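Engineer: Position 517, counted from 1, in the sequence shown is what our numbering calls 1447; the numbers after and before it change by one each time, with no gaps. Please find one structure pasted underneath; my questions will follow.
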Amino acid sequence: MNRLTQKQVTRPLWITAIVLLLFAASFSGYSALERYFQLQLAQKSDTNLRLAVAGLRGALGRYEPVSKLIAEKESVKLLLTNTSDTAQIDQINNELRRIAKDVNASDIYVMDLDGLTWAASNFDQPRTFIGRSYNYRPYFQQASKGQLGRFFALGTASNIRGYYFAYPVKQAERIIGVVTTKVTVDQFEADWKGGDAEIIVTDTHGIVFMSSRDEWRFKSLDRLDKATLNNIEQSRQYPIERLSQLQLQRKILNEKGVEHIQIGTGRDAKNYVVATMAMPEADWSVHILTPTSSAITQAYTTMFIIVLLLLSGGLIAAFVRQRRAQFFERLETQRLAQEMLERRVEERTADLNIANDQLRLEVDERVAAEQQLRQTQAELVQAGKLAALGQMSAALSHEFNQPLAAVKSYADNAAIYLDRDRPKDARDNISRISQMADRMASISKHLRNFARRPQDKSRPVLLNGIIDDAINLASAKLSARGISIAKPEGCADIWVQGGQVRLQQVLLNLISNALDATPLSETSEKIIISLDERGDQVHLSVRDFGTGLSEEILEQVFDPFFTTKGPGKGLGLGLSISFNIIKDFDGDLRASNHPDGGAIFTILLNRANSAAKAAAE
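As structure tokens, then:
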């Protein structure tokens, strides 16, 4: 037999062995899984068990003091000392009936030391307790000895199950009788029915006297010996003929007393997980029985998944084993290919490092160029302002010469008035000299503010004041041409996002351009400045009454060094610088023609928000 044939023969054998081993492990592991899920069921049902016990304890605790309170009444003591007083008996009967109704008790009755009942809340019922003796009941025997009597039993007269609380009636430290309160348990069973789990309560003998299943009532969990049966018969606790043992099988699941029980046989058998809690104050044990069907389903499902995973793992292992040989055959080829790839990566990495160094140098050069560009732009802005000042120098000279001439004339006149002893006229001339000085100081202030280098960043500024300052700076040149400016009057203060000096420079440049666009032959012309508030934006427009702008000029009006002025009259940087200044404010500068003639330049600025405006103010 060759090697290939041997592999083909042995492979099915070990695969079969593995499959059999998996099934054997699954069967042995199922019981452990079932036990685990049953304990989980018991743990989940523990809350319901505690609620049931708490409900029973609360009810018993509510009825426990009733017998004591009644036993302390003087009327009850008088009854037991004089049982021939029928009026007193009638009074007690009615009072007991009222109390039983108020506390929702089944029966309340008073007995003498012989156990004979003299007064009862059911005095007017066919099966009244009056005239009956209950000296055989353990609760009477306990109370007659001065203790609080407790007992659960089936009523011999009413044939109704109940829990009894008995308390001694004392007079001068001498026990003269017993008061007993009976509470039914039917309501508890009604509340338990319909749930996912069953609840039973057993006494010290293991007899089920309360149950969510009627057929389990008066059944014992264990075999009752003869002495127990005699004790039950003597106390008439349960009817002996109704007592029988449940057909069940029990198995302890853990050290905490959790059990697995099977009730019934054959197809009628039911399996439960049982959790138990004791009520020592009543000598009861409360049990909650949860069906194991869900635990069995979970165990089967989990086991199926485990087997499926193991089978999958086995198939994967077989596949891996089969592919292992091919893997080792390719391993050397892959290693050689890896070495070649690493050499290529190193070569490519060296090229990338060189390219990265070159890119870094280019980035540094671009950063330096951008910084140089910003500096150049700032210098051009300053140069533009100084150029504007130069263009206005002639008009400014006229503006200063007129006040100076007036000052000289007023001063000469003031001297003459003083010589002629006319101080009032001299004082008027001096006042006019002061006004001329204030006018020249105002012009000088505007020029100084306009000429300085702006350091302000974008911030909230008052647009109305910027318009007034720009008009004041251009007033000399406007007066020389006889051109007036129409501006919006009476409008509220408008705050925009910008820079005080740079925005003033842009507006002054637009006014200057509008002035240049106005033909020299025209008289009584004007430039119109208008404001338009549109939501979060403010549109500031400057309109002239010149010839307007052609389509060709509109396309390149904001390009650097583009100008329509003659040689020596402009560098073509004013509008380009103004455009960039407005862009720095996140705004826009637009040019268009008015339908009635002339050009319109519109500055679009963002309105300052209320918080920023308050900080600026």
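A virtual CB, placed ideally from N, CA and C, is assigned to each residue, including glycine. Since we're looking at a predicted model, the values are computed, not measured.
Just mark F1070 as buried or exposed, buried being the case when its beta carbon has 16 or more other beta carbons within 10 Å.
Structural biologist: That one is buried.
Engineer: Have a look at the DSSP bridge pairing and note the partners of Q1427.
Structural biologist: Bridge partners of Q1427: P1390.
Engineer: Taking its Cβ as the centre, do 16 or more other Cβ atoms sit within 10 Å of R1382, making it buried, or is it exposed?
Structural biologist: In this predicted model, R1382 has a pLDDT of only 49, less than 50, meaning its place in the structure is not dependable; the value taken from the coordinates is given anyway. It is exposed - the Cβ of R1382 has fewer than 16 other Cβ atoms within 10 Å.
Engineer: Compute the beta-carbon to beta-carbon distance between V1204 and I1193, rounded to the nearest angstrom, for a pair I have assumed lies under 8 Å.
Structural biologist: That pair is no contact at about 10 Å.
Engineer: Pick from D1518, R1473, K1513 and A984: whose alpha carbon is nearest that of A1208?
Structural biologist: Cα-wise, what sits closest to A1208 is A984.
Engineer: Between the Cα of W1214 and the Cα atoms of G1517, A982, N1539 and D1526, which residue gives the shortest distance?
Structural biologist: Measuring from the Cα of W1214, the nearest candidate turns out to be A982.
Engineer: T1132 bridges to which residues according to DSSP?
Structural biologist: DSSP, once it has assigned bridges, lists V1138 and S1215 as partnering T1132.
Engineer: Identify whether Q1192 lies in helix, strand or coil by the three-state DSSP scheme.
Structural biologist: Q1192: strand per DSSP, three-state reduction.
Engineer: Residues in its own chain within less than 6 Å of R1057 by CB, not counting five upstream and five downstream?
Structural biologist: Excluding positions up to five away in sequence, the list reads A1087 and S1088.
Engineer: Do I1038 and L1046 have their C-beta atoms within less than 8 Å of each other?
Structural biologist: No, the Cβ-Cβ distance between I1038 and L1046 is not below 8 Å.
Engineer: By alpha-carbon positions, which one of S1063, V1108 and F1148 ends up nearest to G1079?
Structural biologist: Cα-wise, what sits closest to G1079 is V1108.
Engineer: Bridge partners for I1533 per DSSP, in chain order?
Structural biologist: Answer is L1470 and L1519.
Engineer: Given that a residue counts as buried once 16 or more other Cβ atoms are within 10 Å of its Cβ, and exposed if not, what is K1354?
Structural biologist: It counts as exposed.
Engineer: Spatial neighbours of R1520 within its chain, please: CB distance less than 8 Å, with the 5 preceding and 5 following residues excluded, ordered by chain position.
Structural biologist: Correct list, in chain order: F1531, T1532 and L1534.
Engineer: Taking C-beta to C-beta, are Y1168 and I1137 nearer than 8 Å?
Structural biologist: In this structure, I1137 lies closer than 8 Å to Y1168 by Cβ.
Engineer: So is V1250 buried or exposed if we call it buried at 16+ other beta carbons inside 10 Å?
Structural biologist: Result: exposed.
Engineer: In angstroms, rounded to a whole number, what distance separates the CA positions of S1414 and D1358?
Structural biologist: S1414 and D1358: Cα-Cα distance of roughly 31 Å.
Engineer: From the DSSP output, in three-state form, read off K1417 for me.
Structural biologist: It is coil, neither helix nor strand.
Engineer: Rounded to whole angstroms, what is the Cα-Cα separation between R1350 and S1364?
Structural biologist: About 22 Å.
Engineer: Applying the criterion that 16 or more other CB atoms from any shown protein chain within 10 Å of the CB defines a buried residue, is M1041 buried or exposed?
Structural biologist: The residue is buried, with at least 16 neighbouring Cβ atoms inside 10 Å.
Engineer: A1538 by DSSP, collapsed to three states: which one?
Structural biologist: Three-state DSSP puts A1538 in coil, outside helix and strand.
Engineer: Among P1098, I1060 and D1198, which one has its Cα closest to the Cα of A1001?
Structural biologist: Among P1098, I1060 and D1198, the Cα nearest to that of A1001 is on P1098.
Engineer: Quick one: is V1006 buried, meaning 16 or more other Cβ sit within 10 Å of its Cβ, or exposed?
Structural biologist: Under this definition V1006 is a buried residue.
Engineer: What residue range is occupied by the uninterrupted alpha helix (DSSP H) comprising V1006?
Structural biologist: Start and end: E1004 to T1011.
Engineer: Thinking C-beta only, is I1458 closer than 8 Å to A1404?
Structural biologist: Not a contact, by the Cβ cut-off of 8 Å.
Engineer: If you follow the alpha helix (DSSP H) that L1505 is part of, which residue opens it and which one closes it?
Structural biologist: Its alpha helix (DSSP H) spans residues G1504 to D1514.
Engineer: Which same chain residues, not among the five before or five after R1062, have their C-beta less than 7 Å away from its C-beta?
Structural biologist: Taken in chain order, the residues that qualify are T1047 and A1087.
Engineer: Per DSSP, which residues does Y1097 bridge with? Please list them.
Structural biologist: Note: Y1097 sits in a beta bridge opposite V1109.
Engineer: Whole angstroms are fine: how far does the CA of S1165 sit from the CA of T1227?
Structural biologist: Computed Cα separation, rounded: 46 Å.
Engineer: Kindly list the residues whose CB is nearer than 7 Å to the CB of T1494, restricted to its own chain and excluding five residues on each side of it in sequence; keep chain order.
Structural biologist: So the list reads I1483, once near-sequence residues are dropped.
Engineer: In this structure, how does DSSP classify Q1175 when only helix, strand and coil are distinguished?
Structural biologist: Three-state DSSP puts Q1175 in a strand.
Engineer: From which residue to which residue does the beta strand (DSSP E) around V1487 run?
Structural biologist: Run containing V1487: none; DSSP gives neither H nor E here.
Engineer: Quick check on S1036: buried or exposed, where buried means 16 or more other Cβ atoms within 10 Å of its Cβ?
Structural biologist: Buried, by the Cβ-count rule.
Engineer: Starting from the C-beta of Q1177, find all residues in its chain whose C-beta is less than 8 Å away, skip the five residues before and the five after it, and write them out in chain order.
Structural biologist: Result list for Q1177: I1193, G1194 and T1195, in chain order.
Engineer: Please report the residue range of the beta strand (DSSP E) in which V1203 lies.
Structural biologist: K1200 to M1209 is the span of the beta strand (DSSP E), which, as asked, contains V1203.
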